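Q: Got a structure here, written out as structure tokens. Questions coming.
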């Protein structure tokens, strides 16, 4: 944490850096060159480009940043990360913003509020079985959040995958699921469950 | 050579062709893959978006199991997301004492422990290219894939494992190109070979995903590829299963089979197609595979190209005349 090193309370910028692994402190050297935004395959769909988001973080615009859909549109391709001349771990910063927007309860205001629901549905199966379960995830997520999608899935692509033997109809459970649950429960205590 | 093997959830079912073909080529290449017993999901790109410490604890259970099971220090993951997550966890545990302390405490709750650096995570392509080597692969080729035009597709997470060293170039990877050439196939130019397939966006924002998939299909079709060879289950699923949706959305008519590179290796090694999972792809590869001929194509005289060594990936312009 940076607050022990300075006389001022931690700013939003400090919070973002503290939440991120790797060379997150490089964020202070951002040149606003826009290489990240120009490299971003989903940039056109974002409320604010990555470059703008970094300027907003610097300006302390916490609410606007955590309410925006920017981090949720990140497809995790890492082009920005490898191209950034200042070696800022941009993709990891986007993951930090996702976590912080969930914690702040703001993500529902972003126009991509289905993204965290998808992640949560996915992980719910993993936490309970130890393995992901595509059919279950897709069915539960689509039924709950957009039923039309569920019908499309069941009659179209889902059916094709199923007939090709590429979809399980029951989840697989690992043998030592109790061990995994103990580990994850302890980790949640330490990490502050979102 | 003995390796720990982490298949990941996709290879259990959806990407079974990838698993089956990997197992099939392992025998002639003298590779022994020993699966980590009772491995769990790596969390894909989802858990890290929700909760940091549990995300790393989830991944680290696999590293701890692999280190504990005496299956060698090298752990091979064929799935790009699994590879990145396992490698990233090992990397960040080693360099972040606070994270390591918390993950250690979480693992202890399950009676496990893991010392960062004790497992060397490799992607399957890395194992085949660096450990086995092109020569040893070429030696196994019994039925060269002459006349088959292949677009090599790397996707994101293998060429760009973030802050960690990549075994290939993050912008212009070539290892898969070279490997496919050794199989006798013709590698076509594929400037978008390291671009994103859309990842989980097919579920969240179909508009975003379909546009990215369309770019890739168009680029392969423009370069007259008979098929696209992938190294990642997510890339395979998106390009294969959503090809119809792309055609419907954009009024296109793409029928480009998407296969795993290990399937092509198996074919060239003379292994029957059925043992390699062919037929599980939604866009059938049959017509493309029928193009394979017994005779090597006449070498095409390559025109001089503008040399580009760095910068953003741009289509290479062929000089006039």
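Chains as they are written, first to last, in this note's numbering: chain R, 75 to 268; chain Z, 112 to 432. Note that CB positions come from ideal geometry on N, CA and C, so glycine has one too. All of these numbers come straight from a predicted model, not from anything done at the bench.
Taking beta-carbon pairs under 8 Å, can you tell me which members of the stretch 247 to 260 of chain R lie near chain Z?
A: 248, 249, 250, 253, 254, 256, 257, 258, 259 and 260
Q: Look up residue 147/Z in the DSSP assignment and say whether it is helix, strand or coil.
A: When secondary structure is reduced to three states using DSSP, residue 147/Z falls in the coil class, being assigned neither helix nor strand.
Q: Taking only beta-carbon atoms, is residue 225/Z less than 9 Å away from chain R?
A: Chain R places no beta carbon closer than 9 Å to that of residue 225/Z, leaving this residue out of the contacts.
Q: Would you identify the three-state DSSP class for residue 263/Z, choosing helix, strand or coil?
A: Taken through DSSP and simplified to helix, strand or coil, residue 263/Z comes out as strand.
Q: Run down chain Z in chain order and give the residues with a C-beta less than 8 Å from the C-beta of residue 197/R.
A: Within chain Z, the residues near residue 197/R are 154, 157, 158 and 161.
Q: Using the beta-carbon of each residue, which ones in chain R are nearer than 9 Å to residue 279/Z?
A: Here the premise fails: no neighbours, minimum Cβ distance about 12 Å.
Q: Work out the CA separation of residue 121/Z and residue 368/Z for me, nearest whole Å.
A: Spanning the two alpha carbons is a distance of roughly 19 Å.
Q: Between the stretch 157 to 172 of chain R and the stretch 123 to 141 of chain Z, do three or more beta carbon pairs fall short of 8 Å?
A: In short, these stretches do not touch, since the Cβ pair count stays below three.
Q: Can you tell me whether residue 168/Z is buried or exposed? The criterion is at least 16 other CB atoms within 10 Å of its CB, across all chains shown.
A: buried
Q: Is the stretch 144 to 155 of chain Z touching the stretch 193 to 204 of chain R, taking contact as three or more C-beta pairs under 8 Å?
A: yes
Q: Do you know how far the Cα of residue 119/Z is from the Cα of residue 254/R?
A: Taking the straight line from one Cα to the other gives about 16 Å.
Q: When you check each C-beta in the stretch 117 to 131 of chain R against every C-beta of chain Z, which residues fall closer than 7 Å?
A: 119
Q: CA-CA distance, residue 298/Z and residue 162/R?
A: For residue 298/Z and residue 162/R, the distance between alpha carbons rounds to 35 Å.
Q: Determine which residues share a DSSP beta bridge with residue 231/Z and list them.
A: 185/Z
Q: If you measure between the beta carbons of residue 296/Z and residue 328/Z, is that distance less than 9 Å?
A: Pairing residue 296/Z with residue 328/Z gives a Cβ-Cβ distance that is not under 9 Å.
Q: Output needed in chain order: residues of the stretch 187 to 210 of chain Z with a Cβ under 7 Å from some Cβ in chain R.
A: 203, 207 and 210
Q: With residue 113/Z as the anchor, note down where its beta strand (DSSP E) starts and where it stops.
A: Under the DSSP assignment, residue 113/Z falls in the beta strand (DSSP E) whose first and last residues are 113 to 116.
Q: Does the Cβ-Cβ distance between residue 377/Z and residue 191/Z come in under 9 Å?
A: no
Q: By DSSP, does residue 369/Z sit in helix, in strand, or in coil?
A: strand
Q: Does the count of Cβ pairs from the stretch 225 to 241 of chain R and the stretch 201 to 208 of chain Z closer than 8 Å reach three?
A: no
Q: In chain order, what residues of the same chain have a beta carbon less than 7 Å from the beta carbon of residue 252/R, not counting five sequence neighbours either side?
A: none
Q: What does residue 86/R touch in chain Z if you count any residue whose Cβ is under 9 Å from its own?
A: Ordered by position in chain Z, no residue passes the 9 Å Cβ test against residue 86/R, which lies about 18 Å from the chain.
Q: For the stretch 308 to 336 of chain Z, list every residue whose C-beta sits within 7 Å of some C-beta in chain R, in sequence order.
A: The stretch 308 to 336 of chain Z vs chain R, Cβ under 7 Å: 309, 310, 311, 312, 314, 315, 316, 319 and 323.
Q: Quick one, which residues of the stretch 163 to 183 of chain Z are near chain R if we go by CB-CB under 7 Å, in chain order?
A: 163, 164, 165, 168, 169 and 172
Q: I need the boundaries of the alpha helix (DSSP H) containing residue 339/Z, first residue and last residue.
A: Run containing residue 339/Z: none in the alpha helix (DSSP H); it sits in the beta strand (DSSP E), 338 to 341.
Q: Is the stretch 167 to 185 of chain Z touching the stretch 215 to 229 of chain R, taking contact as three or more C-beta pairs under 8 Å?
A: no
Q: Taking the straight line between their C-alpha atoms, what separation do you get for residue 268/R and residue 195/R?
A: With a pLDDT of only 43 at residue 268/R, under the threshold of 50, the placement of this residue in the model should not be trusted; the figure read from the coordinates follows. So the two alpha carbons sit approximately 14 Å from each other.
Q: Any idea if residue 112/Z is buried or exposed, counting beta-carbon neighbours within 10 angstroms, 16 or more meaning buried?
A: exposed
Q: Taking DSSP as the reference, what is the three-state secondary structure of residue 267/R?
A: Caution applies to residue 267/R, whose pLDDT of 47 falls short of 50 and renders its modelled position unreliable; the value that the coordinates give is listed next. Three-state DSSP puts residue 267/R in coil, outside helix and strand.
Q: Closest to residue 285/Z by C-alpha separation, out of 273/Z, 304/Z and 275/Z, would be which residue?
A: 304/Z
Q: Counting only beta-carbon separations shorter than 9 Å, does residue 103/R have a partner in chain Z?
A: no
Q: Label residue 220/R either buried or exposed according to how many other C-beta atoms from any shown protein chain fall within 10 Å of its C-beta, with 16 as the threshold for buried.
A: exposed
Q: What residue from 253/Z, 403/Z, 177/Z and 289/Z has the CA that sits closest to residue 241/Z's CA?
A: 289/Z
Q: Does any residue of chain Z bring its CB to less than 9 Å from the CB of residue 90/R?
A: no
Q: Got a sec? Which residues, its chain only, sit under 7 Å from residue 180/Z by beta carbon, not counting five neighbours each side?
A: 147 and 148
Q: Taking residue 126/R as the reference, give the member of 111/R, 158/R and 81/R with the closest Cα.
A: 111/R
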